[in-house]
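First up is the structure itself, then whatever we jot down about it.
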Amino acid sequence: MNGNKEKFDLLAIDDLAEVLPKLIDWAIRIKNDEEALFDFKPLDGMTIGSIYEKPSTRTRVSFEVGVGRLGGQPLTLLANDIQLGKSESIADTAAVLSRYVDCITYRCFGHNDVSELAKHASVPVINALSDMHHPCQAAADMMTIVERSANENGHVAWIGDGNNVLHDLVLASAILGFDVKYATPNGFEPNERVMSKALEIAKRTGAKIEGFDDPVAAISGAGVVYTDVFVSMGEEGLSGKLESFRQFQVNEELVSKADDNYLFMHCLPAHRGEEVTDGVIDSSNSVVFDQAENRMWAQMSILTFLCNEQAWETYWELR
Ligand code: CP
Ligand code: NVA
Numbered sequence: 001m002n003g004n005k006e007k008f009d010l011l012a013i014d015d016l017a018e019v020l021p022k023l024i025d026w027a028i029r030i031k032n033d034e035e036a037l038f039d040f041k042p043l044d045g046m047t048i049g050s051i052y053e054k055p056s057t058r059t060r061v062s063f064e065v066g067v068g069r070l071g072g073q074p075l076t077l078l079a080n081d082i083q084l085g086k087s088e089s090i091a092d093t094a095a096v097l098s099r100y101v102d103c104i105t106y107r108c109f110g111h112n113d114v115s116e117l118a119k120h121a122s123v124p125v126i127n128a129l130s131d132m133h134h135p136c137q138a139a140a141d142m143m144t145i146v147e148r149s150a151n152e153n154g155h156v157a158w159i160g161d162g163n164n165v166l167h168d169l170v171l172a173s174a175i176l177g178f179d180v181k182y183a184t185p186n187g188f189e190p191n192e193r194v195m196s197k198a199l200e201i202a203k204r205t206g207a208k209i210e211g212f213d214d215p216v217a218a219i220s221g222a223g224v225v226y227t228d229v230f231v232s233m234g235e236e237g238l239s240g241k242l243e244s245f246r247q248f249q250v251n252e253e254l255v256s257k258a259d260d261n262y263l264f265m266h267c268l269p270a271h272r273g274e275e276v277t278d279g280v281i282d283s284s285n286s287v288v289f290d291q292a293e294n295r296m297w298a299q300m301s302i303l304t305f306l307c308n309e310q311a312w313e314t315y316w317e318l319r
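Right under this line is the structure:
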C-alpha cells in the first residue's frame, strides 16, 4: 500500500527531531478540538496493523481507539496468533503485511527486530516499544509537559533504571531544549550510544543533560519527576536487580526535594510500593493518567503525519 511515496519510520524519538514541536502542538490542538474529528478522517480507507510480542494496555488501546477516531481500521496481531517467530521471518512478515496495511506498529524485544521490520516493509513502521526505545511514550510525555509548561518550573528528573523509556525521554527533552538530570544505580546506566546522541542534540538546543548515581542530586529543584518499573518486560528473570534500587524509590521524602509544583510522571504500568509509593502516584502532583490519555492524541498526530502528511498540514493551517 502507500504507493511509491517515500516512507518514514519512527524507531526512536529523534527520528522526528525536525518536526517534534509541531507534532506535539498538533496533538494538543486536536485534543482541545474534538469536534474537528466529526469530519476530519485522514486515515479513511487505511488499515493500521499492530504486532505485539509483549503485553500492552495503553499502547494497544490508544492505537486502536486513535486509529478509529481518524477514520482508519486498526488491526491488532498478537504474536502467538501469527507466523512471525515460528515459521516466518521478520523480513517476509514485513513484505506480506505491506501488501495489506498502510502502516505497521511493532512491540518487540530486541530493537534490531523493529529495525529489521522497517527495513523490509514498504509502509511506515512505528516502534511501539523495544528494549531500547519507546518513542510513542516520549511524544506523549513531552505533550504532557508542554501542556502544563512544567519545564518552566525546573528540570526533568529521572529516578530509576537506565531503560527504554529513559532513552527516549532524554532524546525528546534534548530536542525540545529541556534540561534533564537522571539518577540510576551503578551498573544500570542508560546506553552510552543513545546518551551521546542526546548530548549531540543538546549541543544544538542548549539543553543540559547530566547523569548521577544519587537520586537526591537528580531530583533537587526538579519541575518534573519521572520513574518507571525497575524490572522491565523481558527482564523478569532478573528479579535480583531490585536489590540495587533500594535507594531509588520515589517516595514522599524524596519528592520533598523537588520544586513545590513538580509533576510526577510514570509511563505505567506502575509497581506501586516498588519504584513509587501510593502517596506520590495518587498525589495532586501526579499526571500519570493525563500521560496515558495523551498517548492517544500524540499517536494520532504521528499517524496522520506518517500516513497522510497533506491532511496533517491542512488541519494545521485551517485551525
Ligand atoms: N506505557 C505503556 O507503553 O503501557 P502499555 O505497556 O500498557 O502499552
Ligand atoms: N520499561 C518498561 C516500560 C513499559 C511501558 C518496559 O519495557 O517494560
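Under this note's numbering, the residues of the sequence shown are numbered 1 to 319, in order.
All residues carry an ideal CB built from backbone N, CA and C; glycine is no exception.
With a CB to CB cut of under 8 angstroms and the five nearest residues on each side skipped, what residues in its chain are close to A22?
Ala is not the amino acid found at residue 22; the sequence shown has Lys there. These residues qualify, in order along the chain: W316.
Classify L16: buried if its beta carbon has 16 or more other beta carbons within 10 angstroms, exposed otherwise.
With 16 or more other Cβ atoms within 10 Å, it is buried.
Using DSSP bridges, identify the partner residues of C136.
DSSP output for C136 lists no bridge partner at all.
Between D161 and D228, which are expected to be in contact by the criterion C-beta below 8 angstroms, what is the C-beta distance as a whole number of angstroms?
Rounded, the Cβ-Cβ distance is 7 angstroms, consistent with contact.
Suppose you measure from the CA of R107 to the CA of P190; what does that come to, to the nearest Å?
Taking the straight line joining both Cα atoms gives about 20 angstroms.
Would you verify that the beta carbon of R69 is, or is not, closer than 8 angstroms to some beta carbon of chain B?
Chain labels in this structure do not include chain B; a single protein chain is all it has.
With DSSP as the reference, label P190 as helix, strand or coil.
Three-state DSSP puts P190 in coil, outside helix and strand.
DSSP state of C103, grouped into three classes?
Three-state DSSP puts C103 in a strand.
In the stretch 160-231, which residue ranges form an unbroken beta strand (DSSP E) of at least 3 residues, counting only runs that do not cross its ends?
Runs of the beta strand (DSSP E) inside the stretch 160-231: 180-183, 209-212 and 224-227.
If I measure Cβ to Cβ from A138 and keep anything under 6 angstroms in the same chain, skipping five residues before and after, which residues do I get?
Counting only Cβ-Cβ distances below 6 angstroms, and skipping sequence neighbours, we find I13, D168, L169 and A172.
Nearest-angstrom Cα distance between T184 and N163?
If you take the alpha carbons of T184 and N163, they lie about 10 angstroms apart.
Pairs of beta-carbons, one from the stretch 50-61 and one from the stretch 74-81, closer than 8 angstroms: are there three or more?
The stretch 50-61, when compared against the stretch 74-81, does touch it at the 8 angstroms Cβ threshold.
Counting only the same chain and skipping the five closest in sequence on each side, list residues whose C-beta sits under 8 angstroms from that of I90.
So the qualifying residues of the chain are L84, D113, E116, L117 and H120.
If we call anything under 8 angstroms between Cβ atoms a contact, is L263 one with A150?
Contact flag set, yes.
Just to check my reading of the structure: M300 and G66 have Cβ atoms closer than 8 angstroms, yes? What is that Cβ distance to the nearest angstrom?
With a Cβ gap of about 4 angstroms, M300 and G66 count as contacting.
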